[in-house]
Amino acid sequence: MLTQEAILQTATTRFSVDDDSYVTQSCLFPRVLGTGDTEAEALADFTFVLSESYEELVKENVKGYNKKGRPAKHGVNVHMQVPAEIKEFIDENAARLQISQGDFVSFLVSNYHASQSKKQCVMWVDANAYRSMISQTVNNAIVTGSFGKGRATSTTAAPVKAVATVAAA
Amino acid sequence: MAAPMPLHKFRQLIKEHGCHSEQKSSSTHFYIYTSAGKFVSSYAVKKGNSVLQCYVSEFLKAVKG
């Protein structure tokens, strides 16, 4: 039977650009989500909502979750060769979490997506910071009257040079 | 960034799929059930009176099986 602890241990937090928010979710029980402005907030939210909704898992009306083993996920079989230590790693961790090997592989994939989303988040934040810097530079140039004169709009140092030019004239 | 779905629209969507939502006391989250009482998914109302897209897409995934 899936334990609350196993669900918590397999929870991953990704950054959702769509929602401008962090989202925590476990591949073992994807029906509940935790969200927040920070990773910690999203995880705390997920922990709370899981504690409230876990009872739904063990109720009779959620097929599969109240029996031993994992619920049917209508997945597909995968046959592949991996190095022995990778197989050992999957076996050990699946046994530790009391979940199937397939569930553990799903967790690894979720982790991969989560880390990719955080990279996207950093790029997204950088792009916003860049836009803000450009906007500030243009505003400075307009205030100092240097907009459109020479290279004044391209760097923060340029408006100072432009002001000096005006003063000399 | 996608705009969050207004709460009244999301509740309409829940109804259209034959479900209803309930709020546990002292909880900020809502829980969606089918008319037969089966748990579907959860959502939170956080930013104004709207629901984040991640809750909407998870509900649609869960309800479509």
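Just so you know, the sequences run in chain order A and B. Just remember that my numbering sits 10 ahead of the position in the first sequence, which is counted from 1. Just remember that my numbering sits 35 ahead of the position in the second sequence, which is counted from 1. Glycine included, C-beta positions come from ideal geometry on N, C-alpha and C.
Supposed contact pair residue j and residue i - C-beta distance, whole angstroms, cut 8 angstroms
i	j	result
residue 34/A	residue 43/A	7 angstroms
residue 108/A	residue 13/A	6 angstroms
residue 38/A	residue 113/A	6 angstroms
residue 59/A	residue 77/B	6 angstroms
residue 20/A	residue 53/A	About 13 angstroms; that fails the 8 angstroms criterion.
Cβ pair residue i, residue j closer than 8 angstroms
i	j	result
residue 115/A	residue 96/A	no
residue 41/A	residue 93/B	yes
residue 45/A	residue 55/A	yes
residue 66/B	residue 63/A	yes
residue 54/B	residue 75/B	yes
residue 88/B	residue 41/B	no
Span of the alpha helix (DSSP H), counted from its first residue to its last, around residue i
i	result
residue 19/A	14-19
residue 57/A	49-68
residue 98/B	88-99
residue 35/A	Not the alpha helix (DSSP H): residue 35/A falls in the beta strand (DSSP E), residues 31-36.
residue 45/B	42-51
Paired residues, beta bridge with residue i - DSSP
i	result
residue 106/A	BP columns for residue 106/A are empty, so no partner.
residue 246/A	Here chain A covers residues 11 to 179 and nothing more, so residue 246/A does not appear.
residue 55/B	68/B
Where the beta strand (DSSP E) through residue i begins and ends
i	result
residue 45/A	44-46
> Which full runs of the beta strand (DSSP E) of 3+ residues lie inside the segment 57-86 of chain B, going along the chain?
Replying inline: Taking only runs of at least 3 residues, the beta strand (DSSP E) segments lying wholly in the segment 57-86 of chain B are 64-69, 74-79.
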